[in-house]
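Protein chains in written order, with my numbering: chain P, 1 to 245; chain R, 1001 to 1310; chain Y, 2001 to 2367.
Each residue gets a CB set at the ideal place from its N, CA and C atoms; glycine is no exception.
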Amino acid sequence: MSNNNTVEVKELTKKFGGFTAVDRVTFQVKKGEIFGFLGANGAGKTTTIRMLCGLLLPTAGWASVGGFDVFTQQEQIKQHIGYMSQRFSLYEDLTVRENIEFYGGIYGLSRKEIKQKSEELLDYLNLSDRSDTLTAELPLGLKQRMALSTALLHEPEIIFLDEPTSGVDPESRRQFWLLIYELAAQGKTVFVTTHFMDEAEYCQRISIMQNGRIIELDAPQKLKEKYQASSMQEVFLKSIGEKPK
Amino acid sequence: MNEKPLIVENIEKSFGSVQALRGVSLELERGQIYGLIGPDGAGKTTLMRIIVTLLNQDSGKILFQGKDAQKQTAFVRKNIGYMPQRFSLYPDLTVEENLHFFSDLFGVATQVQAQRIERLYQFSRLEPFKDRRAEALSGGMKQKLALSCMLMHEPSVMVMDEPTYGVDPVSRAELWDILKELAGQGKSILVSTAYMDEALLCDRIALIFKGQLLASGTPQELRRTITHALYLIKTQKAHYVFQELRRHFPETDCHLFGEGVHLLDRQNTGLSKIRQMLEQNKLPFESVQQIEPGIEDVFLDLIHRREVEP
Amino acid sequence: MTRTFMSIVKKEFLHIVRDYQTLIIIFIMPVIMLILFGYAITLEMRQIEIAVVDRSRIPQSRMLINHLQSSDFFNIQAYDIPEQQFESYLQQRKVRCIMVIPADFARSLKQERFTPIQLLIDASDPNAANFIQSYLQKIIALFNTENNPQFKFPFEIIPRFMFNPDLKSDYFFVPGLIAVIILLISALLTSIAIAREKERGTFEQILVSPVRASQIILGKVIPYIVLGFLDSTIILVIGHYWFQVPVEGSVLLLLLTLILYLLTGLSFGLFVSTITDSQRTAMLIALLMTILPTILLSGFIFPVPSMPFLFQYVSKIIPATHFLKIIRGILLKGNSLLELKVQIGYLIGLAAFMIVLSIKKFKTSLE
């Protein structure tokens, strides 16, 4: 790939039986960009992300992630992406250290790497003295940052975050976004889906999905200008054809 | 009925060594939407469960329409509508079957049921889907059905635990319209949410964090608790500007937002000096302007104050 | 890639160890079941309540009654009840059978002619009725040989019970129990372990990593193989040293077939986990599809040849049917590999089928 797009999607389509979940979606994401996905439940956000993560095979179209084809190179894609879901995906009955070691392990890091990475991570999360507590006992905000960090153990170039900040307090949310910005500054590409409309503003570009299609795609600022809206909530409602109050 | 629909006095509750509620008090007026705003784990659900008599408090008192809720659980349950966080509709029953079941549960007469269902369909717009199974509804429709089920026995007080959680923005707006309408009819509503932007839709709010109310009042009153000027520094590089600003201002005064950085000017630096400082340090920004604080600013400010004074 | 695999195994072990309630159940359950089967549930009958009506009252009849009394099988509850009360005695379950010695008992014994002794048996439980009849016949045969040594039947069956000469039902149950418990651990626990990850959302996280399906499966399965082995050892040791179940054949062969049997259970567990997302459904399906057929149709309790034809065919596709023959053969008969080749062949076939099916289904279920 000669250009600096890490993700390229062209006419990507996914059908489940007669139902078209994702309908000819096209977009590109640049290296180091924070790219947001907005949309109602069932609009096709999760299906799109799942195809890009190599979890689902597209029905038609073409897409490449980190230079790898989503049809044929799912294994390589998985090696180069990080994924964190809403539910944080940590094992609550394992300790902090055991979780880190497990996720390091499944990405095939060497023992030495895992050890070194765990120390770095524990230090970064201020958890060095609590590395042997069960994950269940951590506060939500910390769990969230820990989930993100474990998803980054294998130093992926592209990171997918599925509704990452639901339910955490505003302070923790800010710390989380700071982390995201740092990652982007290091040249990592970040995909985010979110329900929080104000959170969409943290993204450099956002796409609004409806019925499997992308109906808007631009910088939050530009979208607000286009719809003469004061908030992303308003942009969203206007763009999908509802009158805001 | 001159008594207030709901008075919560100094409720404390612990689970083992975890203090879930550390002395929470609030009063709900007739026809009021009272918002309980706070993150997960703040104690919202516990408080609501105590109010609807599903849990017993360790200490403190709840007066429901002037009666002690702990002693008159049957009265409370008959007159209160409770919508739990993940409302348990029966997924294998249709919309109408769910409505009938929940009204039977509260002993609503059959003739009355038909009338009420008719009325509830009008505002929920669920009529076209009345024969659809609940599991096949969208998230927003499920919440509207849950709300309708709760309204079948016409409770005068409603307690709703995060009814808009995980619901898309369009359905959220619709749900709030319905709540406004109900309050207009004289119903009293206690509603919790983790979405800060919903605070402005309430008549009165309480910010709850780690089992304590940080503050309560009308949204306007709470915004006025921020007495210093608040500036928005609009920038595309919010992250970078934020990191830099923290070197010049106290960390607790700078907050990262999507469109830029909010700076609480506790030291009365003034707009021109701030702009000067940004230019001197060659920080990229589009504009600096004074703005009205939002509920999120208030929340962040209160969290920090709480950390300063233990 | 072995590291990937090892970290899954390690994590799975941690889950097992952390969930100590389940762990206790896993190790206590076989012991409880052994005690239950070993003591409470036996197919033998002891202390059968009997009423005796002696109308001859001669030394010989008293001797016969003595025989009854001294045997562990019978417990005489009533003597010489009037005939009109026979039915009510049986009806009210005061006794389970009534033996009537006729008045001409002495005469007919002397004349060495055929002497009928009447026996009334409560046959509402036909199995028990059969037992009672055969026990009584045994006692009477004994009496006959002692009293009339000169008397000869034209021919006589002299049974010799092989492999379990005392007809101890422990011998029968202990191997069967191993079959049931291994299935419980392998099918039930594996299916729950995967369904649990689906419920919690951690499964998705593993799937987005470059881990292969085969690594996930193997990593999940190995801890349960170990558990199954440990449990089987516990049962074998208790069975051997407490219930004196013999181990005639090769322990090595037993362990090898044990693995084969474990594999069928584990792959069935995997299969179940692919068709459900909830722990509860997984548990129900696994219980229904494994434990019930294993207990009822494999010959664990009820012998296969006495089943209706259709069920005899069904029992052929139940792995436990073949494993039971193998384990009983090795423990009680000292069978060798050669003698068990048919059963082992069946087991290999079933294991291979289940493994292929579950891995195929497991892969497509990720879609």
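Item, Value
"In DSSP terms, what Ala1215 (chain R) is bridged to", "R:Leu1207"
"Through-space distance from Val1112 (chain R) to Gln1104 (chain R), alpha-carbon basis", "This sequence places Asp at residue 1104 (chain R); Gln is not what is there. Their backbone Cα atoms lie some 11 Å apart in a straight line."
"Beta carbon proximity, Asp2019 (chain Y) to chain P, threshold 8 Å", "yes"
"Supposed contact pair Phe71 (chain P) and Gly190 (chain P) - C-beta distance, whole angstroms, cut 8 Å", "According to the sequence provided, residue 190 (chain P) is Val. The question's Gly does not apply to it. Not really, about 24 Å apart at Cβ, beyond 8 Å."
"Where the alpha helix (DSSP H) through Cys1254 (chain R) begins and ends", "It is not in any alpha helix (DSSP H) - Cys1254 (chain R) instead sits in the beta strand (DSSP E) that spans Cys1254 to Leu1256."
"Same chain, Cβ closer than 6 Å to Val1008 (chain R), five either side skipped, listed in chain order", "Ser1025, Leu1026 and Ile1062"
"Host beta strand (DSSP E) of Ser1192 (chain R) (start-end)", "Ser1188 to Thr1193"
"Minimum Cβ-Cβ distance from Phe196 (chain P) to chain Y less than 8 Å", "no"
"DSSP-derived helix/strand/coil call for Arg1160 (chain R)", "Note that residue 1160 (chain R) corresponds to Met in the displayed sequence, not to Arg. Strand at Met1160 (chain R)."
"Under 7 Å from the C-beta of Val2211 (chain Y): neighbouring residues of chain P", "Ile106"
"Rounded distance between the beta-carbons of Val2208 (chain Y) and Leu55 (chain P), thought under 8 Å", "6 Å"
"Residues of its chain near Leu293 (chain P), where Cβ-Cβ distance is below 7 Å and the 5 sequence neighbours each way are ignored", "Not covered by the structure: residue 293 (chain P). The range shown for chain P is 1 to 245."
"Contact under 8 Å by Cβ, Ile2195 (chain Y) with Ala2282 (chain Y)", "Note on residue identity: the sequence assigns Ala, not Ile, to residue 2195 (chain Y). Yes. Within cutoff."
"Element boundaries [alpha helix (DSSP H), containing Ala2129 (chain Y)]", "Pro2126 to Asn2147"
"Interface partners of Met2006 (chain Y) on chain P, CB under 9 Å", "Gly105"
"Beta strand (DSSP E) segment containing Val1076 (chain R), residue limits", "Per DSSP, Val1076 (chain R) belongs to no beta strand (DSSP E); it is in the alpha helix (DSSP H), Thr1073 to Asn1079."
"Cβ contact (3+ pairs, closer than 8 Å) linking the stretch 1034-1043 of chain R and the stretch 161-175 of chain P", "yes"
"Burial state of Val1018 (chain R) (16 or more Cβ within 10 Å)", "exposed"
"Beta-carbon proximity of Leu2177 (chain Y) to Leu2034 (chain Y), cut-off 8 Å", "yes"
"Per-residue DSSP class, three states only, for Asp169 (chain P)", "coil"
"Straight-line Cα distance separating Phe2323 (chain Y) from Gln2137 (chain Y)", "35 Å"
"Partners in chain P for Arg2003 (chain Y), counting only beta-carbon separations shorter than 8 Å", "Gly105, Gly108, Leu109, Ser110 and Arg111"
"Minimum Cβ-Cβ distance from Asp93 (chain P) to chain Y less than 8 Å", "yes"
"Contact list for Ile2206 (chain Y) against chain P, beta-carbon separation under 7 Å", "Ile106"
"Partner residues on chain P for Gly2202 (chain Y), Cβ-Cβ distance less than 7 Å", "For the record, residue 2202 (chain Y) in the displayed sequence is Thr; it is not Gly. Within 7 Å Cβ-Cβ: Ser89 and Tyr91."
"CB contact below 8 Å: Lys2220 (chain Y) versus chain P", "no"
"Separation of Thr2002 (chain Y) from Gly2219 (chain Y), as counted between CA atoms", "10 Å"
"Cβ of Arg174 (chain P) within 8 Å of any chain R Cβ", "yes"
"Short CB-CB distance (under 8 Å) between Met1 (chain P) and chain R", "The predicted model places Met1 (chain P) with a pLDDT of 45, which falls under 50 and marks its position as unreliable, so this point remains unresolved."
"Burial state of Gly2249 (chain Y) (16 or more Cβ within 10 Å)", "buried"
"Contact check, Ile2355 (chain Y) vs Leu2263 (chain Y), beta carbons under 8 Å", "yes"
"Three-way DSSP call (helix, strand, coil) for Val1108 (chain R) in this model", "coil"
"Chain R residues whose Cβ lies nearer than 7 Å to that of Asn126 (chain P)", "The premise fails here: Asn126 (chain P) is roughly 15 Å from chain R at the closest Cβ pair, so nothing lies under 7 Å."
"Thr1252 (chain R) versus Phe1101 (chain R) - alpha carbon distance", "52 Å"
"Within chain Y, partners of Cys53 (chain P) - CB distance below 7 Å", "Val2208"
"Where Gly1139 (chain R) meets chain P, residues with beta-carbon distance less than 9 Å", "Ala40, Asn41 and Gly42"
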